[in-house]
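**Q** To convert, note that position 98 of the sequence shown is 98 in this note's numbering; the numbers rise steadily by one, no gaps.
Backbone N, C-alpha and C define an ideal beta-carbon position, used for all residues, glycine too.
The model shown is predicted, which means the values in this text are computed figures rather than measured ones.
Got a structure here, written out as structure tokens. Questions coming.
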Amino acid sequence: MKQLLAILLTLSAAITAAAGDTDSTLLRPVHAAYTVEAGSAHLADTYLTPLRYSGWSASLRYSRMQATRFNPRDWVLRMDFAADVSRTLNPVRNATMWYWGLDFTAALMRRVWHRGRFSAMVGPDIDLTLGALYSPRNGNNPVAAKAAVTVGVAGQMSYAARIGRIPVTLLWQPALPVTGVFFSPDYGQLYYEIYLGERSGLARAAWWGNHFRLDNLIAADIRLGGTSLRIGYRLDYLSQSASHITSRTITHAAVIGITGEWLSVNPRRASADPRIISPL
């Protein structure tokens with residue numbers, strides 16, 4: 001009973017604190033980034049071909065972060081939307097393989113360290129990936145569909161620095177899925193057979209032994225007036241293995257874009273002395 005009472009008192013205090021943080025004196029700006037990413041791609045999928053294909057990749061990405069409403073001082077919600085395309089060639093450069101994909105990630109991160117100019121956050125995330133590999137050379141079965149829903153760990157470290165008089169924010173954003181489900185047919189199974197009803201075992205349980213992915217961003221936001229110029233580098237590594245089918249996607253991309261913080265203020269509820277909690 002004492003433990004239950006302690007839990008209730010803790011929850012009551014947390015709710016009271018959260019309610020106090022959502023009054024008109026608290027402003028939670030949205031930190032948004034619009035970026036273009038371009039670089040090299042390396043694709044391999046034994047469902048389509050035993051060869052490794054290499055070429056270029058490009059991506060459009062929108063990212064946003066905001067302090068949460070329920071506990072803005074400690075928790076931050078980050079969401080990422082990306083559309084990817086890659087065009088690769090086989091080693092003798094006489095066959096092409098394409099990849100098109102969409103990716104959505106949402107991470108709820110807690111501030112675990114904030115001292116001066118340095119901040120660190122970590123928390124759970126969920127990732128949804130939809131895509132397809134296309135090899136025009138394969139007349140019978142030219143497409144390998146890709147789909148996965150995973151949960152894992154996301155983190156962020158940031159440091160506020162200066163280059164002369166120009167403010168610069170250094171960022172490191174890694175994400176590592178832990179478990180989930182992904183789509184994979186059997187070796188040699190045709191999609192026409194799946195269409196006819198052979199759908200048993202298509203959803204595979206994901207773990208690091210058969211589905212390993214690392215999404216790693218290193219960037220610098222250079223303040224230019226009210227907005228910032230983002231330059232950086234992203235590594236996206238994905239390896240899957242199921243039913244004797246091995247699939248790997250590796251991209252190295254340069255990142256460039258625009259970032260900034262935006263506020264939405266209700267004039268009727270605006271305070272003369274507001275408090276601002278930045279997600280960084």
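In the DSSP output, which residue or residues are listed as bridge partners for tyrosine 53?
**A** Taking the first residue of the sequence shown as 1, we reach residue 53 at position 53. Answer by DSSP bridge pairing, in chain order: Leu43.
**Q** Do tyrosine 53 and leucine 43 have their C-beta atoms closer together than 7 Å?
**A** Here residue 53 is taken as the residue at index 53 of the sequence shown, counted from 1. Here residue 43 is taken as the residue at index 43 of the sequence shown, counted from 1. Closer than 7 Å, so yes.
**Q** Across the segment 138-150 and the segment 102-111, are there enough close Cβ pairs to call them in contact, namely three or more that are closer than 8 Å?
**A** Output reads no: the segment 102-111 does not touch the segment 138-150.
**Q** How should valine 151 be labelled, buried or exposed, when 16 other C-beta atoms within 10 angstroms of its C-beta is the threshold for buried?
**A** Numbered from its first residue, the sequence shown carries residue 151 at position 151. It counts as exposed.
**Q** When you compare only the Cα positions, how much space is there between alanine 206 and glycine 164?
**A** If you number the sequence shown from 1, residue 206 lands on position 206. If you number the sequence shown from 1, residue 164 lands on position 164. When rounded, the distance between both Cα atoms is 47 Å.
**Q** Cβ atoms of alanine 107 and aspartate 125: under 7 Å apart, would you say?
**A** Your numbering for residue 125 matches position 125 in the sequence shown. Your numbering for residue 107 matches position 107 in the sequence shown. Yes, they are a contact pair.
**Q** Taking all protein chains shown into account, decide if glycine 131 is buried (16 or more other Cβ within 10 angstroms of its Cβ) or exposed.
**A** For this step, residue 131 is matched to residue 131 along the sequence shown. Label assigned to glycine 131: buried.
**Q** Touch check for the segment 92-100 and the segment 35-51: three-plus C-beta pairs under 8 Å?
**A** Yes, the segment 92-100 is in contact with the segment 35-51.
**Q** Where does the unbroken alpha helix (DSSP H) through glutamate 193 begin, and where does it stop?
**A** Start at 1 with the first residue of the sequence shown, and residue 193 comes out as number 193. First-last of the alpha helix (DSSP H) with glutamate 193: 191-196.
**Q** Around the C-beta of serine 200, are 16 or more other C-beta atoms found within 10 angstroms, so that it is buried, or is it exposed?
**A** The sequence position of residue 200 within the sequence shown is 200, counting from 1. Looking at its Cβ environment, which holds fewer than 16 other Cβ atoms inside 10 Å, serine 200 is exposed.
**Q** Any idea if glutamate 37 is buried or exposed, counting beta-carbon neighbours within 10 angstroms, 16 or more meaning buried?
**A** Position 37 of the sequence shown, counted from the start, is the residue given in the question as residue 37. Buried, because 16 or more other Cβ atoms sit within 10 Å of the Cβ of glutamate 37.
**Q** Kindly give me the distance between the Cβ atoms of leucine 214 and leucine 235, rounded to whole angstroms, as I take these residues to be in contact under 8 Å.
**A** Translated into positions along the sequence shown, residue 214 becomes position 214. Translated into positions along the sequence shown, residue 235 becomes position 235. Confirmed, about 7 Å.
**Q** Compare the C-beta of glycine 123 with all C-beta atoms of chain D and state if any pair is closer than 7 Å.
**A** Protein chain content of the structure displayed is limited to a single chain, and chain D is not contained in it.
**Q** In three-state terms, what does DSSP make of threonine 68?
**A** Here residue 68 refers to the residue found at position 68 of the sequence shown. In the structure shown, threonine 68 sits in coil (DSSP, three-state: anything other than H, G, I, E or B).
**Q** Considering only residues of the same chain and omitting the five flanking positions on each side of threonine 259, which have a CB-CB separation below 6 Å?
**A** The residue you call residue 259 lines up with position 259 of the sequence shown. Contacts found: Ala33, Asp221, Ser228 and Arg230.
**Q** Who pairs with valine 122 in a beta bridge, going by DSSP?
**A** As a first step, residue 122 is located in the sequence shown; it is residue number 122 there, counting from the start. DSSP output for valine 122 lists Arg110 and Gly155 as bridge partner(s).
**Q** Grab me the residues of alanine 219's own chain with a C-beta within less than 7 Å of its C-beta, minus the 5 sequence neighbours each way, in chain order.
**A** Walking along the sequence shown from the start, residue 219 turns up at place 219. Same-chain partners within the cutoff: Leu171, Arg230, Ile231, Gly232 and Val255.
**Q** Which class does alanine 145 belong to by DSSP, given the choice of helix, strand or coil?
**A** Taking the first residue of the sequence shown as 1, we reach residue 145 at position 145. Note: alanine 145 maps to strand in three-state DSSP.
**Q** By a C-beta neighbour count over all protein chains shown, 10 Å radius and 16 as the cutoff for buried, is tyrosine 47 buried or exposed?
**A** Sequence index remark: in the sequence shown, residue 47 carries index 47 (1-based). Flag for tyrosine 47 reads buried.
**Q** In whole angstroms, what separates the C-alpha of tyrosine 237 from that of phenylalanine 182?
**A** Position 237 of the sequence shown holds residue 237. Position 182 of the sequence shown holds residue 182. Approximately 16 Å between the Cα atoms of the pair.
**Q** In the DSSP assignment, what are the bridge partners of histidine 244?
**A** Taking the first residue of the sequence shown as 1, we reach residue 244 at position 244. According to DSSP, histidine 244 bridges with nothing at all.
**Q** With distances taken between CB atoms, is the gap from glycine 116 to histidine 252 smaller than 7 Å?
**A** Within the sequence shown, residue 116 is the residue found at index 116, counting from 1. Within the sequence shown, residue 252 is the residue found at index 252, counting from 1. Not in contact: glycine 116 and histidine 252 (Cβ atoms no closer than 7 Å).
**Q** According to DSSP, simplified to helix, strand and coil, what is aspartate 21?
**A** As a working mapping, residue 21 is identified with position 21 in the sequence shown. Note that aspartate 21 scores 45 on pLDDT, short of 50, meaning its location in the model is unreliable; the coordinates nonetheless yield the value given after this. Three-state DSSP puts aspartate 21 in a helix.
**Q** If we ignore side chains and look at the alpha-carbon of each, how far apart do threonine 88 and histidine 244 end up?
**A** Counted from its first residue, the sequence shown places residue 88 at position 88. Counted from its first residue, the sequence shown places residue 244 at position 244. Cα-Cα distance, rounded: 23 Å.
**Q** Taking the alpha-carbon of phenylalanine 104 as reference, which of Asp80, Trp262, Gly155 and Arg204 has the nearest alpha-carbon?
**A** Within the sequence shown, numbered from 1, the residue matching residue 104 stands at position 104. Nearest of Asp80, Trp262, Gly155 and Arg204 to phenylalanine 104, Cα basis: Asp80.
**Q** I'd like the span of the beta strand (DSSP E) that includes glycine 188, first residue to last.
**A** By one-based count along the sequence shown, residue 188 stands at place 188. Counting along the chain, glycine 188 falls outside any beta strand (DSSP E), and DSSP gives it neither H nor E.
**Q** By the DSSP assignment, the beta strand (DSSP E) with isoleucine 218 in it spans what residues?
**A** As a working mapping, residue 218 is identified with position 218 in the sequence shown. Looking at the DSSP string, the run of the beta strand (DSSP E) that includes isoleucine 218 is 211-224.
**Q** Report the rounded CA-to-CA distance for threonine 22 versus isoleucine 277, giving the unit in angstroms.
**A** By 1-based counting over the sequence shown, the position of residue 22 is 22. By 1-based counting over the sequence shown, the position of residue 277 is 277. The predicted model places threonine 22 with a pLDDT of 48, which falls under 50 and marks its position as unreliable; any figure quoted below should be read in that light. Using only the alpha carbons, I get a separation of about 11 Å.
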